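A quick write-up on the structure given underneath.
Number of protein chains: 2
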Amino acid sequence: MPKINTNPKNINELLTRGVEEIIVKKELEEKLKSGQPLNIKLGIDPSRPDLHLGHSVVLKKLKEFQNLGHHIILIIGDFTGMIGDPSGKSKTRPALSKEEVLKNAKTYFDQAGKILDLKKTEVRYNSTWFAAMGWEDVLKLASKFTVARIIERDEFSQRLKNGTDIAISEIMYPIMQAYDSVEIKADVELGGTDQKFNMLAGRELQKKMNMRPQNVLTVHLLVGLDGTQKMSKSLDNYIGVTENPNSMFGKIMSIPDSLIFNYFTLLTDSTTEELEKIKADLNPLSGGPKINPRDMKARLAKEIIAFYHSKKDAEAAEQEFNKIFRDKELPTEIPEIKLAEKSLPVLDLLVKTKLASSKSEAKRLVEGKAVEIAGKVILDWKAAIEIKNGMVIKAGKRKFAKIVI
Amino acid sequence: MPKINTNPKNINELLTRGVEEIIVKKELEEKLKSGQPLNIKLGIDPSRPDLHLGHSVVLKKLKEFQNLGHHIILIIGDFTGMIGDPSGKSKTRPALSKEEVLKNAKTYFDQAGKILDLKKTEVRYNSTWFAAMGWEDVLKLASKFTVARIIERDEFSQRLKNGTDIAISEIMYPIMQAYDSVEIKADVELGGTDQKFNMLAGRELQKKMNMRPQNVLTVHLLVGLDGTQKMSKSLDNYIGVTENPNSMFGKIMSIPDSLIFNYFTLLTDSTTEELEKIKADLNPLSGGPKINPRDMKARLAKEIIAFYHSKKDAEAAEQEFNKIFRDKELPTEIPEIKLAEKSLPVLDLLVKTKLASSKSEAKRLVEGKAVEIAGKVILDWKAAIEIKNGMVIKAGKRKFAKIVI
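Quick mapping for you: the protein sequence lines, in order, are chains A and B. Under my numbering, think of the first position of the first sequence as 412, with each following residue one higher. Under my numbering, think of the first position of the second sequence as 412, with each following residue one higher.
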């Protein structure tokens, strides 16, 4: 049996930092103080294997439980993943093949392993229990929940109000997710605020099945690089956990100052004391920031890169960033693109060099005066560009390409 | 392939007599006229095997389909019967053992065989398909129905309004019943008005599974002997299909005149012409009943007894009835009860002779001046009665006992 750390300071940090809500906090505190190892559950959707820093918040919280000696269990929703949503109403539930699920799970672990100690982490596939269940089991489970209770869920009550139909199959998913908690005897379940309803269903089901109910811990959602919306891939305001150091550095330097403290809290291992100092240093009430926010962002970026890559990578990324932006030099390495054409319309050139993903994006870049060719800003999106060997093209702040003919 | 009767007169009779509603009548008419044999479904609840004349209405309608050459399929809900309602919310869904289900089904067939030709009737147990289904199948089925559609059902919307919880398992039953129709490729489903929702769910599911949708035919509910409420065992206003001829005769003679025509329509094989004549004979607008309603009831009783027993039994029952009520004689056979006591309080005597089921019922009978002992009406419920050999006790109109000491 692992030795459990019951240090009140550690427990307090675990239950406050980055935490949105705990149901029920007093109960969880007692479990943590008891010195018994707890089963800590995180459910994983195998249809979205790519992790960004938004996902790291909950994984870092899991790591804190792991550090105290508790037992982490990742539930891969492979069964529901393979079924998908037969009604086709939910975009987040495409049906996946067994191979896709396993491939996605591997991708997930490769990334989660940067945060969690995977050797001490248990992984369970929920097909293990669901594949063996029949109508009778389904009805028994379903009998533990009422229609009123399930359609209370924000998403459902909203849809009923809007007159958007809810397939009966959709209301079965929270029940299945709840049953995962019963199967693994979860003591605590972690997740984002959007998962609160499902996690509480797990707590209720455990009670009804005469099991000690799990506590539910929700973490803060991470705001994306734009400073307003939740970090997500679809909004393109994210930093992937496998992104290269230069890209991470550049993106963190671009965040609004108002996010600095939040990112330190949710994404770094700074201690409570360090966080208090950062807060004071950034506080305008104490006579304006004592430290230039730019320097604070550089420190933040280096801490994050050191975590996901290495300290050396962090230093190198800072130097590269300074070379380009502070000293206005070209980056050390610019991707070279071989072209056969003698001349190209500027939009085609940007797409061919992969500086823009489409002509319309290319046009937007030109119109935003963000395109420089051989040191000259291009103003006309209909311009034809003469191709020359060694010509450097810059699009936006951090994207470069060099032509070879 | 059986020869199908497509005679328009027969089809018209089939679709009107005792019929409450048909969805969609035109569609069903076309199916019947096509000359193709149709699958006619009736679902049976194996928890209630005892049939009374109220149940006979739908069975007689099935028999009419059978007479035209169509294929009758009785679905025994053994699977749901064995599960019962795990939430314990539905009183009509006790969990039954396999043996109970089979025993009840046998009892049902023994009785239904008085109406249907069982040699031409197919019986299917729904465990055949449900026992083999898993979560994936359940979710696929459930995806065909929406929450809004299911809670539309009168019973459910009523309960939601009253704040009475509905277990999620309960909303699965209509889905299962609907799937029965898919499995047996039903062309028509018959049932009482209270089954309309579930039958329509079957129609919808067939459509969604690209099958020709079944038509739904509901029959009139039979009013009980009291002339006001639905015939049911719990209201004790019923005639069982296995009841003895004397009891059937007496009960039918007791119905209010207003029920006579309705009972002829729903419970006998009278032709349309005969029914019209009965209606005219009973019509007060044509100068009051041309025939004494008492004689009409006797004819009704004899027709029903001839159907469930024999013509001879019907005649005998009439004679017995007349002997007791018209000629005020004692019935031919009176149950004999052996008693050792010399004297008994009247209430105990009535209970011991099984003429009353409890002392309070006995007291009510005495107070209603319905108790005669040795030809004398008993007026005092505290009276002590001296027991004599051969003494006849009468309670109510048709219950007798003879004492032997």
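All residues carry an ideal CB built from backbone N, CA and C; glycine is no exception. Because the structure is a prediction, the values reported are computed rather than measured.
- If you compare the alpha carbons of R623(A), K530(A), K662(A) and L513(A) with that of M642(A), the shortest gap goes to K662(A).
- Excluding residues up to 5 positions away in sequence, K763, A795, I796 and I798 lie with their Cβ nearer than 8 Å to the Cβ of L755(B) in the same chain.
- Interface flag for S554(A) against chain B is set, since a Cβ pair is found closer than 8 Å.
- Secondary structure at P756(B): strand, using DSSP grouped into helix, strand and coil.
- Only those residues of the segment 576-592 of chain B whose C-beta falls short of 9 Å from the nearest C-beta of chain A are listed: D576, I577, A578, I579, S580, E581, I582, M583, Y584, I586 and M587.
- When secondary structure is reduced to three states using DSSP, H720(A) falls in the coil class, being assigned neither helix nor strand.
- In this structure, V782(A) and L761(A) form a Cβ contact; the two beta carbons are roughly 7 Å apart against a cut-off of 8 Å.
- Using beta-carbon distances, T539(B) does not count as an interface residue toward chain A, since no partner is under 8 Å.
- Within the model, the alpha-carbon separation for H481(A) versus A543(A) is close to 29 Å.
- Using a CB distance cut-off of 8 Å, W792(B) does not count as an interface residue toward chain A.
- In summary, the residues of the segment 558-573 of chain B whose CB is separated from some CB of chain A by less than 8 Å are V558, A559, R560, I561, I562, F567 and L571, in the order they occur in the chain.
- Under the rule that a run must span 4 or more residues, the alpha helix (DSSP H) segments found entirely inside the segment 628-693 of chain B read 656-664, 671-678 and 683-693.
- The three-state secondary structure of L527(A), taken from DSSP, is coil.
- At least one beta carbon of chain B lies nearer than 8 Å to the beta carbon of L550(A).
- In terms of beta-carbon proximity, E547(B) lines the interface with chain A, with at least one pair separated by less than 8 Å.
- Considering only S669(A), N657(A), L678(A) and L686(A), the residue with the shortest C-alpha distance to E726(A) is N657(A).
- At a cut-off of 8 Å between beta-carbon atoms, M610(A) makes no contact with chain B.
- Counting the other Cβ atoms within 10 Å of the Cβ of D528(B) gives fewer than 16, which makes it exposed.
- Ranked by how close their Cα comes to the Cα of E731(A), the residues A785(A), V468(A) and M664(A) have M664(A) in first place.
- Neighbourhood of M544(A) in chain B, by CB distance below 7 Å: G545 and W546, in chain order.
- Nearest neighbour of I415(B) by Cα position, chosen from I595(B), P448(B) and N423(B), turns out to be P448(B).
- Distances from the CA of I422(A) to each of E475(A), I451(A), N800(A) and P457(A) were compared; the closest alpha carbon is that of E475(A).
- Spatial neighbours of V593(B) in its own chain (CB-CB distance under 8 Å, excluding positions within 5 residues in sequence) are listed in chain order as G613, L616, Q617, M620 and M622.
- Distance between T682(A) and K808(A), taken at the CA atoms: about 33 Å.
- Between the segment 434-445 of chain A and the segment 463-473 of chain A, the count of C-beta pairs closer than 8 Å stays below three; the two stretches do not touch.
- Below the 9 Å Cβ cutoff, chain A contributes W546, E547, L550 and K551 as neighbours of I494(B), in chain order.
- Within the segment 548-605 of chain B, the beta strand (DSSP E) runs of at least 3 residues that lie entirely inside it are, in chain order, 599-603.
- Considered as a whole, the segment 422-447 of chain B harbours 430-434 as its complete beta strand (DSSP E) runs of no fewer than 3 residues, in chain order.
- Boundaries of the alpha helix (DSSP H) around N609(B): K607 to K619.
- Listed in chain order, the alpha helix (DSSP H) runs fully inside the segment 754-792 of chain A are 757-763 and 770-778, counting runs of at least 4 residues.
- Within the same chain, N450, I451, K452, L453, T532, E533, V534, R535, I595 and A597 come within 8 Å of I484(A) by CB-CB distance, once the 5 residues on both sides are set aside.
- Between I748(B) and A812(B), the gap from beta carbon to beta carbon is short of 8 Å.
- An exposed status is given to A751(A), since fewer than 16 other beta-carbon atoms sit within 10 Å of its beta-carbon.
- Here Q625(A) is buried: its Cβ has 16 or more other Cβ atoms, across all protein chains shown, within 10 Å.
- In the structure shown, G454(B) falls within a strand segment according to DSSP collapsed to helix, strand and coil.
- The segment 627-635 of chain B makes no contact with the segment 514-529 of chain B: fewer than 3 CB pairs, one atom from each, lie closer than 8 Å.
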